[in-house]
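Every number in the working numbering is 24 more than the matching position in the sequence shown, counting from 1. By construction, the Cβ of each residue, glycine as well, lies at the ideal position given by its N, Cα and C atoms. To start, the structure under review is shown below, and the notes come after it.
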Amino acid sequence: FYEFLPSLVSSKFPMVRPEELERVAGFVRHALDPSLQLEDGIIEDPWRPHDEIHAYMPSLGPTKPFHNPSTLPLCTLLSQNIDTISAEYQALLTHNRQQSQDRFQSVTSMNYDAGWKTLVLFYNGHRIDGFPYDLCPITTQIMESVPLAGRIAGFNRQEPQSGIPLHSDGNNMWLTCQMGIEVPKDGAATIRVGPERKTWEIGECLLYDTTYEHETWNGSEVGEERVVLHVDFFNTLAMTKVEIEIMRYVYSMREEFMKAEGVGKVGAQIL
């Protein structure tokens, strides 16, 4: 697939200047030859497993485990609308109980084993056919205000006395935002990203880079679930609008290519 990218991109974006494509070209080079050296900032960071990087755009600049959520309008919008988003989540829960199909999915085997399930609103950056978006118009509008990335976006539930084991995600072009919807008392639910550990709070966002190793734990001893609104999106703090537009096109074409090849996708049961 990646061998066709230069011609695909040049035909789709003929007006983009060559200098605007330098980092995209770097992504293509690394996709075609994963043995190429990564930047020292990744290799020398003991908290970022560089051997797990599988999608890499060079020269995005310095990063850190947690970013300040106030730097991102998405976080502000989510926090300002916490009451509405919580009400829409409850409406989706009610609707889900009335259906024969449970929309909460364990989108990876790791999540299934770790007590984590997701009510997926967006998959691979696009809407899901048949989803009741009329029950969550504000949540949907806010989530679509950012360039959603090629993973999942939705409401994540973590059962008490369970957690996601230590891992990292190998794409340095994406960031993750999570806002607390239902949070166990006394800081019982935590997330560690790199060397830093934080707790969720209702209506507050955590903004972090998942190329760092990370893990979660809900230590509630009284049966309290932890629910967050989870959004994966292209790193608007480091990438240009042109780069993001091109990469969204690249991932959409890759998805079509995978469909043509008959490759099964995670979460296909709800698409």
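In chain order, what residues of the same chain have a beta carbon less than 7 Å from the beta carbon of residue i, not counting five sequence neighbours either side?
| i | result |
| --- | --- |
| E206 | E249, R250, V251 |
| M167 | L145, F146, A177, V255 |
| L60 | R53, H54 |
| A173 | G149, W198, D256, F257, F258 |
| E267 | R47, V48 |
| F90 | V217, E220, K222, L230, L231, Y232 |
Rounded to a whole number of angstroms, what is the C-alpha to C-alpha distance between residue i and residue j?
| i | j | result |
| --- | --- | --- |
| C99 | L159 | 21 Å |
| V33 | E285 | 21 Å |
| Q122 | A115 | 11 Å |
| M81 | L253 | 27 Å |
| L261 | L96 | 8 Å |
| I77 | R221 | 22 Å |
| P86 | Q125 | 44 Å |
| P70 | G218 | 9 Å |
| V246 | G187 | 16 Å |
| T108 | L102 | 10 Å |
| G204 | T214 | 11 Å |
| P30 | Q165 | 33 Å |
| Q293 | E279 | Its pLDDT being 39, under 50, Q293 is placed unreliably by the model, and the measurement read from it follows with that caveat. Distance between the alpha carbons of Q293 and E279 is about 16 Å. |
Whose C-beta lies closer than 6 Å to the C-beta of residue i among residues of the same chain, with five residues either side of it excluded?
| i | result |
| --- | --- |
| A212 | G243, S244 |
| E43 | none |
| T200 | Y232, T234, D256 |
| Q202 | L230, V252, H254 |
| G227 | S103, I106 |
Cutting at 8 Å between CB atoms, please list the residues of its own chain near residue i, excluding the five before and the five after it.
| i | result |
| --- | --- |
| L295 | Bear in mind that a pLDDT of 34 at L295, under 50, signals an unreliable position, so the number given afterwards is only what the model happens to contain. Once the five neighbours on either side are set aside, the close Cβ partners of L295 are Y147, I152, D153, K289. |
| L56 | Y26, E27 |
| G291 | Residue placement at G291 cannot be trusted, given a pLDDT of 44 that sits under 50; what the coordinates show is reported in the next sentence. These residues qualify, in order along the chain: Q129, V131, V144, Y147, I176. |
| P8 | Because the chain spans 25 through 295 in this model, residue 8 falls outside it and cannot be assessed. |
Exposed or buried, residue i, counting other C-beta atoms within 10 Å across all chains shown (16 or more means buried)?
| i | result |
| --- | --- |
| M271 | buried |
| S110 | buried |
Cβ pair count under 8 Å reaching 3, the region 225-244 against the region 191-198: yes
Alpha helix (DSSP H) runs contained entirely in the region 159-231, provided each spans 4 or more residues: DSSP runs (the alpha helix (DSSP H)) wholly in the region 159-231: 161-167.
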